[in-house]
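*Asks:*
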Amino acid sequence: MENKLVKIPKALQKDVSFFGLRAKYVDQAFKGSFLSLMVGLFLSTVIPTFLSLLLSFCTAALYIVLMLFYSKAYGENGFIKSRANRKGPDTIKGHVNKKNLVLWKKD
C-alpha cells in the first residue's frame with residue numbers, strides 16, 4: 848500500500864457571509880427561526896393553523912432581522928458579547944474603610 852500526501856484545507860481565509868449575516872450569526876438565525884416555526888406548529892393544535900403559522904413566520908423574520916442588526920452593528924462577535932454583558936452585574940459594591948487607604952503623596 849502506497850502512502851499519499853493529500854493537502855487538506857484547514858480553514859477559509861475570508862469571512863463567511865450568508866445574506867448579510869456573518870458566520871456566527873447564520874447558525875443562531877437558523878436555530879431561532881426553526882424554533883419559532885416549531886412553536887408555531889405546536890400552537891396550531893390550540894389556535895387556528897393560519898394564525899399560528901403567521902405568528903411563527905413573523906417571529907422567525909423578526910429574529911433574522913435582529914441577527915442582521917447585531918451583525919451590522921457589533922461585528923462578528925456582537926451577539927455573543929451583548930449576551931455576556933447582560934449576565935454581568937450592573938454595579939460592584941465595595942466595603943472599604945477609607946481611613947486605612949494608602950495615600951500617595953507627590954514629592
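For what it's worth, the working numbering labels the leading residue of the sequence shown as 848, then goes sequentially.
Note that CB positions come from ideal geometry on N, CA and C, so glycine has one too.
1. Going by alpha carbons, who is nearest to residue 883 out of 908, 873, 897, 894?
2. Could you pull out every residue in the same chain whose Cβ sits closer than 6 Å to the Cβ of residue 890, ignoring the five residues on either side in sequence?
3. Assuming residue 910 and residue 879 make a contact with CB atoms under 8 Å, what is their CB distance in whole Å?
4. Can you list, in chain order, the residues of its chain whose CB lies under 7 Å from that of residue 886, leaving out five sequence neighbours each side?
5. In the DSSP assignment, find the alpha helix (DSSP H) that holds residue 919 and state where it starts and stops.
6. DSSP on residue 891, reduced to helix/strand/coil?
7. Considering only the alpha carbon of each residue, which of 872, 895, 851 lies closest to residue 914?
8. Tell me which residues share the same chain as residue 928 and place their Cβ nearer than 7 Å to its Cβ, disregarding the 5 neighbours each side in the sequence.
9. Return the residue from the list 942, 938, 930 that minimises the CA-CA distance to residue 875.
10. To the nearest angstrom, report how far apart residue 895 and residue 901 are at their CA atoms.
*Replies:* The relevant details are as follows:
1. Indexing the sequence shown from 1 puts residue 883 at position 36. Comparing Cα positions, the closest option is 908.
2. If you number the sequence shown from 1, residue 890 lands on position 43. Result list for residue 890: 899, in chain order.
3. Counting from one through the sequence shown, the residue named residue 910 turns up at place 63. Counting from one through the sequence shown, the residue named residue 879 turns up at place 32. Contact between residue 910 and residue 879 holds, since their C-beta atoms are separated by about 4 Å, short of 8 Å.
4. Reading the sequence shown from its first residue, position 39 is the one you call residue 886. For residue 886, where only same-chain residues beyond five positions count, the Cβ hits under 7 Å are 903.
5. Start at 1 with the first residue of the sequence shown, and residue 919 comes out as number 72. That run of the alpha helix (DSSP H) goes 896-921.
6. Along the sequence shown, read from residue 1 onward, the residue named residue 891 stands at position 44. In the structure shown, residue 891 sits in coil (DSSP, three-state: anything other than H, G, I, E or B).
7. As a working mapping, residue 914 is identified with position 67 in the sequence shown. For residue 914, the closest C-alpha among the options 872, 895, 851 is that of 872.
8. If you number the sequence shown from 1, residue 928 lands on position 81. Hits under 7 Å: 921.
9. By one-based count along the sequence shown, residue 875 stands at place 28. Checking every option, the nearest Cα to that of residue 875 belongs to 930.
10. In the sequence shown, counting from the first residue as 1, residue 895 sits at position 48. In the sequence shown, counting from the first residue as 1, residue 901 sits at position 54. If you take the alpha carbons of residue 895 and residue 901, they lie about 10 Å apart.
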